[in-house]
């Protein structure tokens, strides 16, 4: 398969044509506009190497995330960044290219923190290997992490090595009725006090806190913090991660706000808060979009359209400064000198760049 | 550290010693953080690691400059770095060698020479120094405040005990102490008298030799050392138990006599014997403490104590004085950074006044932070230096003991 | 144009003049200062910069870099001089930028668990200044390095298992680019990035893509309970197997460090440790609540018992812990002073944890072929360990043996799916190993270097082989 792709890329480069890299399409709504022949990554699937004792799993790009998670769960391990799938057939390649992490992100780390190495076919058709399979590696530039969130603009990610973590022994979710301001304060303080928190979400006037880890630690935290138990919390968190919760369904236009975790809540728009306060989801319309962006920048972060709405406006409003644009262009050209792959700025959904 | 000394010094006794010291240094830099001049100036070359490197370069044949000399001059020789060094680098000896080689190569300007000579001559010339201090005290009320601070009123020394005990010890005749604060030796004599020891004072013209040694007047230092040995020898033969230094700056030099005279065939053996008998007054008193303690009245005064560098780093005598003071009830206040130098460092306060003043004000700030009624220390240099910056009395700790003799 | 040789003397002289005019006494050309800035703590080879400048602001750094870019003169950033792979050697002379005067902590956002510092702030300085907030910054390479230098080399320390390395703990940077522009990467918000993740590119670029002048860092709450313990073994392999088991069970050790018998002997002597034998030893530390720490310790005790470990010696008091970890941090110097006059360098292999025992055994076998003294110390929880090879620098044969053994140990690690450098970096000493490890991928790294630094003025000759 790799050789076929290499030839396709070389041919496209020679003819000045474009290629679009695509997996199952589950995150297409986030990706740059893609034109040209589609290179479907799903034909390169399977687990290359997985010995649970090594705490490393090496996976081909087209492998379904669900399959990877199943194999790891059988061995008592997990992808600790809790990737959202956004579709049953969501692939590993797409997950890394989109650079999107789930609820555990604020506590365990982002996709990039678990990528130990990656193989990629660049715009010249060369198949290259960056990083490796070890926990620490400072040999040369950290290119494998640069690929995370690059949305297929630098090359075809063909294989990724992830760091594995053991599944927590115990887990419990507690629900607390409180307003947004109280919830923000609680999320930040409890985390600073070293509670074994692995996810937090405030939605519809309720704060959901997931404690996980060793049993005594979870029990102590539950006793200390109180709250109501959430039954069937595994399903609740999966729904939240996959954005199947009612909050998302009812949004016409949804904005994603990344800000400092202690930023005050905006009470005049329907909002959900997660990642300990650092990620906010806001229902918006044409009229409130500008206000959301303004408030986000005041809170030391920025807002972008996630679903619905006119994303190009958002993109124009928050474009990169000149020196940064210049650096981006140079990096892109280093990987893809003939512009075979889409550029990151030909964005259909500004949400695309907010990965992490 | 790898070394490759230049032919001019390689096989000399100095070169052999310096080479061994340089090789023991692994350049880790733990010394740098503790160095007082590095803390004030923040330049790598004004810390021990930088100075060791400079000395290494010079000994390996690099031409030193005035700047090299300045970095070495700025060292207080407090040897705080030796206490911090895990590898046991004998920095004090190395810097002595480095300074003498650099001085030979770079020389001194006429002004520097004159200042150093005057300082040495004035401090070593007892009649002159005594007179100067007497005049200073007489006109003290008329002096401007800056100078007034340097010339403190004389504390009444009292009388020397007359009892003749079977046990005897010799006290070193200090060059400056007896003029500036004669009460220290008198106090020592009285305290030892209570312990059944007669302290004998023999004049050999004064000075242990340290002053000349540190100003690179090697021959003058040797003369002083020989004069002392000659003066003490009859008393040593007659059974004197110890040679007592009442200023830690002198005690550390006395203990170094053996090393200092090792290449002098006529005096090497005698110097070794003298060094072995030499004790700081705190060691002597500590040995007699079980019987002395009962003869000292308790006190609950709040005091702070400054251990001189020559005591804690030079002789590695830590905590002994503090333990005795606490033992008779003194409220010994905690002092931040008590390992740091006060900036006196012999003639340093005169030769490097800016750094010295800065260190003095830092030291006084930590010494007075908890509100003591007086300050105690163990060395005349530190004592007068600190006294010049505070209105609180600064005394030798033996004076505090003497004041409380029952 | 690429700088592969010294710029002309006139170009250097006029640049030095210009810097003197702008910076006065903060532009230094004395030999001793240049010498001090030409090396880290590793092997010393000649290669002095022409001038050392001490800027105080981002703008001053930018002005120096701009000047050097126009004159095509190399620029080398200097933090505290504690790198190990020749990162600071001025191969082609040039301007050394000493960032030690940029030592302000710009913000501490206790509630947000982050802070922003200038590049010259050292890790100990940061921790001393934030102590009252109940927070700390965990990354602790042996030296009291500057945070700018730690970012530029992607440094890590003894507690990477629990807290990660620099790359996981940097939220954003201010960087002066090779053309003298000031850019900011990342944003204050932790979980965001606009466009490519440039922060990750600059972190670990060893000063070859730009000069890091400010860093936004994550901070952590000081745990309720910290407990340190030491356990000794008769066999090195048993100690290693304890670590492998602990990692596979997911016991969240804050620190787990291995010292072999020679290293332990050196540390006992150098750091004056009392009551320990010169045997293979594990230094461990547990962080968490009282109950959690107690459980971790129980789990570890049962594992060490299986492998014949000694009873635990605990250090719960802060001063005892400090002494213990200081001894560990000083292991490099302990090794250096073990044989006075000798030089030493340390290998830096990192392998998948399951191969750790094999890799250490193979490294030991490699050393056994020589007559050299070696000691092993490692952050074994990550699969990373160092063989410190001591040799007499005046003995050409010993030096050659040492270099051959080190190269061979790197090769063994790469062969086991590992890397030649887990934390020390490439510098000038591992350029060949990088090629061996990454093959053609080095071409892309080189292309990025050429694109972002077309005049090759940023720390030339380091990190990425240019031919």
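Chains as they are written, first to last, in the numbering used here: chain A, 1 to 356; chain B, 1001 to 1406; chain C, 2001 to 2467.
Beta carbons: idealized from backbone N, C-alpha and C, even for Gly.
Selected residue, minimal CA-CA separation from residue 2070/C, among 2300/C, 2212/C, 2021/C and 2012/C: 2012/C
Residue 114/A versus residue 80/A - alpha carbon distance: 8 Å
Among 204/A, 211/A and 69/A, nearest to residue 181/A - alpha-carbon criterion: 204/A
Local conformation of residue 142/A per DSSP, three classes: coil
Beta-carbon gap between residue 2123/C and residue 2203/C smaller than 9 Å: no
Chain-ordered chain C contacts of residue 1023/B [CB-CB under 7 Å]: 2340 and 2341
Near-chain A residues of the stretch 2104-2128 of chain C (beta-carbon distance less than 7 Å), N- to C-terminal order: 2111, 2112 and 2113
Under 9 Å between C-beta atoms of residue 2458/C and residue 2074/C: yes
Continuous beta strand (DSSP E) stretch holding residue 1029/B: start and end: No beta strand (DSSP E) holds residue 1029/B; DSSP gives it neither H nor E.
Of the residues 1090/B, 1071/B and 1267/B, the one placed nearest residue 1079/B, counting alpha carbons only: 1090/B
Proximity below 9 Å, CB of residue 173/A to CB of residue 230/A: yes
Expected contact under 8 Å - CB spacing of residue 2414/C and residue 2363/C to nearest Å: About 13 Å separates the two Cβ atoms, so there is no contact after all.
Cβ pair residue 2082/C, residue 2100/C closer than 9 Å: no
Cα-Cα separation, residue 1098/B to residue 2038/C: 23 Å
Exposure label - residue 336/A; buried when at least 16 CB within 10 Å: buried
Residue 1304/B, enclosing beta strand (DSSP E) - first and last residue: 1302-1306
Minimum length 3: unbroken beta strand (DSSP E) runs contained in the stretch 2379-2431 of chain C: 2384-2391
For residue 2109/C, the three-state DSSP class (helix, strand or coil): strand
Contacts of residue 2201/C in chain A (Cβ-Cβ under 7 Å): 141, 142 and 146
For residue 53/A and residue 1991/C, believed in contact at Cβ under 8 Å, the rounded distance: The requested residue 1991/C does not occur in the structure, where chain C is confined to residues 2001 to 2467.
CB contact check: residue 34/A to chain C, cutoff 9 Å: no
Other residues of its chain near residue 1374/B: CB distance less than 6 Å, five sequence neighbours each side excluded: 1303, 1392 and 1393
Residue from 2348/C, 2389/C, 2271/C and 2454/C with nearest C-alpha to residue 2329/C: 2271/C
Between the CA atoms of residue 1256/B and residue 1093/B - distance to the nearest angstrom: 11 Å
Residue 247/A, DSSP secondary structure in three states: helix
Buried or exposed (CB count within 10 angstroms, at least 16 for buried), residue 14/A: exposed
Rounded distance between the beta-carbons of residue 2219/C and residue 2209/C, thought under 8 Å: No, residue 2209/C and residue 2219/C are not in contact; Cβ-Cβ is about 26 Å, not under 8 Å.
CB-CB length for residue 1071/B against residue 1111/B, believed under 8 Å: Not confirmed; about 19 Å, so no contact.
Buried versus exposed call for residue 1/A [16 or more other C-beta atoms within 10 Å across all chains shown]: exposed
Counted within 10 angstroms of its Cβ, other Cβ atoms place residue 149/A as buried (16 or more) or exposed: buried
Residue 325/A, buried or exposed, once every other Cβ within 10 Å from all chains shown has been counted against 16: exposed
Residue 208/A, enclosing beta strand (DSSP E) - first and last residue: 206-213
Proximal chain C residues relative to residue 1028/B, where beta-carbon distance stays under 9 Å: 2041, 2143, 2330, 2332, 2333, 2336 and 2337
Start-end ranges of the alpha helix (DSSP H) lying completely within the stretch 2052-2135 of chain C, minimum 4 residues: 2058-2071 and 2123-2130
Below-9 Å beta-carbon distance, residue 211/A vs any chain C residue: no
Close beta carbons around residue 129/A, own chain, < 6 Å, minus the five adjacent residues each side: 119
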